[in-house]
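Colleague: Okay, so the sequence shown: first residue is 59 according to this note's numbering, each after it adds one.
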Amino acid sequence: MPARYYLTLTDYGAAQVAQAHNTTSILLSELVLGDAYGVPYDPVEKKERVALVNQKATVPVQSVSINGPVTTVIATVPANIGGFNLHEIGLKDDTGQLVYIGNYHGAYKPVIAEGAGGDLTLVIDITSVSGKEALIEIDPTVVIANKKWVLDNLVRIPVFEQAINDLQQQQNIERDSRIYSDNLLNDKIDQANQVRFDVDKLLSDRIFELENAPVHIPVGVNQLRYDVGGIRTGGTVYTNPTNRIIEIQIAARIYHTQGPAKLLVNGEVEAMTFCDVGNGGYIVTMLIVRVPPFGTYELIGDNGFMYWGEIR
């Protein structure tokens with residue numbers, strides 16, 4: 059199946075690779091990210107570019123490791139970088155030139171200040187293919203466990219390696235124990251395969267959860283504050299007609315001779331205040347609650363509110 063998200067060499071990058079041969083190395087130092095002005099594109103059609111269509115951020119490359127023909131590049135976008143839809147990425151060399159250009163799935167990258175988000179780690183495998191166009195596939199659902207998580211949650215069991223060492227030692231010491239050693243090796247391999255299966259299932263389940271998790275949009279994003287005091291009264295049950303959480307803000311007037319004022323959500327008291335001022339005095343206090351989608355809300359016990367606002 060053709061890759062949906064991938065990188066390819068730019069014209070500059072291809073020239074550098076052709077010039078380098080096997081005598082010099084190309085130092086990949088930066089990962090650049092952009093939103094492409096919200097218009098996804100095929101990287102192969104943008105090989106002539108020297109920059110992303112609309113670059114939004116730059117992060118350093120954390121590591122570059124080489125294993126045979128495969129070069130693995132790792133970079134992390136920290137939680138404080140975001141606020142845009144990630145449609146394009148690229149890799150620059152130590153001179154600041156764009157060597158690779160690629161596309162991405164376009165998901166929104168939030169920042170912590172928006173009430174959501176976290177670090178985004180990209181792992182890119184670059185495979186050298188002589189005489190062919192080099193396309194590097196990106197897995198946008200890869201789950202990266204950092205070192206602390208691994209140490210806290212997984213116990214590394216080198217079953218297969220230990221089984222081989224046991225077999226070699228027994229062959230050197232006692233030749234007639236081959237059958238026993240073979241059985242032991244098979245048991246260890248079965249254990250290793252079971253561990254691999256369990257870990258793969260754990261990662262698959264986690265990826266499924268992340269892909270199907272609901273997107274939380276903070277209150278106030280793409281919402282407005284309305285003064286609805288002219289159409290609201292105490293003692294009346296109102297309903298949130300939207301599929302978003304809304305915020306109710308009421309400046310309630312409470313006299314010392316009356317009981318507390320309460321603001322109910324779905325029939326439950328979520329905010330309450332009372333007057334502790336004597337001699338016929340009163341207080342004005344703010345009652346603020348958030349109402350879930352299609353939930354109900356009601357103000358009871360007030361003696362006339364001074365302001366009723368709703369963010370929705």
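Ideal Cβ positions, reconstructed from N, Cα and C, are used throughout, including at glycine. Quantities reported herein were computed from a predicted structural model and do not represent experimental measurements.
Using the three-state DSSP reduction, which class does residue 183 fall into: helix, strand or coil?
Modeller: Here residue 183 sits in strand by DSSP.
Colleague: How would you label residue 230, buried or exposed, when you count the other beta carbons within 10 angstroms and need 16 or more for buried?
Modeller: With fewer than 16 other Cβ atoms within 10 Å, it is exposed.
Colleague: Which same chain residues end up closer than 8 Å to residue 222 when comparing Cβ atoms and leaving out the 5 residues on each side of it in sequence?
Modeller: Excluding residues within five positions, the ones whose Cβ falls inside 8 Å are 243.
Colleague: In three-state terms, what does DSSP make of residue 245?
Modeller: Looking at residue 245 - three-state DSSP - the assignment turns out to be helix.
Colleague: For residue 184, is the classification buried or exposed, using 16 other Cβ atoms within 10 angstroms of its Cβ as the cut-off for buried?
Modeller: The residue in question, residue 184, is buried, as its Cβ has 16 or more Cβ neighbours within 10 Å.
Colleague: Quick check: what's the CA-CA separation for residue 294 versus residue 356?
Modeller: Near 6 Å, if we compare the C-alpha coordinates of residue 356 and residue 294.
Colleague: In chain order, which alpha helix (DSSP H) runs of at least 4 residues are fully inside the stretch 273-339?
Modeller: For the stretch 273-339, not a single whole alpha helix (DSSP H) run of length 4 or above is found.
Colleague: In the DSSP assignment, find the beta strand (DSSP E) that holds residue 367 and state where it starts and stops.
Modeller: Note, residue 367: beta strand (DSSP E), 363-369.
Colleague: Pairing CB atoms from the stretch 166-182 with CB atoms from the stretch 135-146, are three or more of them under 8 Å?
Modeller: The stretch 166-182 is in contact with the stretch 135-146.
Colleague: Look at the alpha carbon of residue 410 and the alpha carbon of residue 67, and state the distance between them as a whole number of angstroms.
Modeller: In the structure as shown, the chain begins at 59 and stops at 370. Residue 410 is therefore absent and cannot be evaluated.
Colleague: Ignore the nearest five residues each way along the sequence and tell me which others in residue 153's own chain have a CB closer than 7 Å to its CB.
Modeller: Here the set comprises nothing.
Colleague: Would you grab the beta carbon distance between residue 298 and residue 353 for me? Rounded to a whole angstrom, and I think it's under 8 Å.
Modeller: Contact flag correct, Cβ pair sits at about 5 Å.
Colleague: Give the range of the beta strand (DSSP E) segment to which residue 161 is assigned.
Modeller: That run of the beta strand (DSSP E) goes 156-161.
Colleague: Quick one: using the 10 Å Cβ neighbour count with 16 as the cut-off for buried, is residue 363 buried or exposed?
Modeller: By the neighbour-count rule (16 or more Cβ atoms within 10 Å), residue 363 is buried.
Colleague: Mark residue 269 as exposed unless 16 or more other C-beta atoms lie within 10 angstroms of its C-beta, in which case mark it buried.
Modeller: It counts as exposed.
Colleague: Report the three-state DSSP secondary structure of residue 257 (helix, strand or coil).
Modeller: Helix, per DSSP.
Colleague: Out of curiosity, what's the CA-to-CA distance linking residue 108 and residue 159?
Modeller: Residue 108 and residue 159: Cα-Cα distance of roughly 9 Å.
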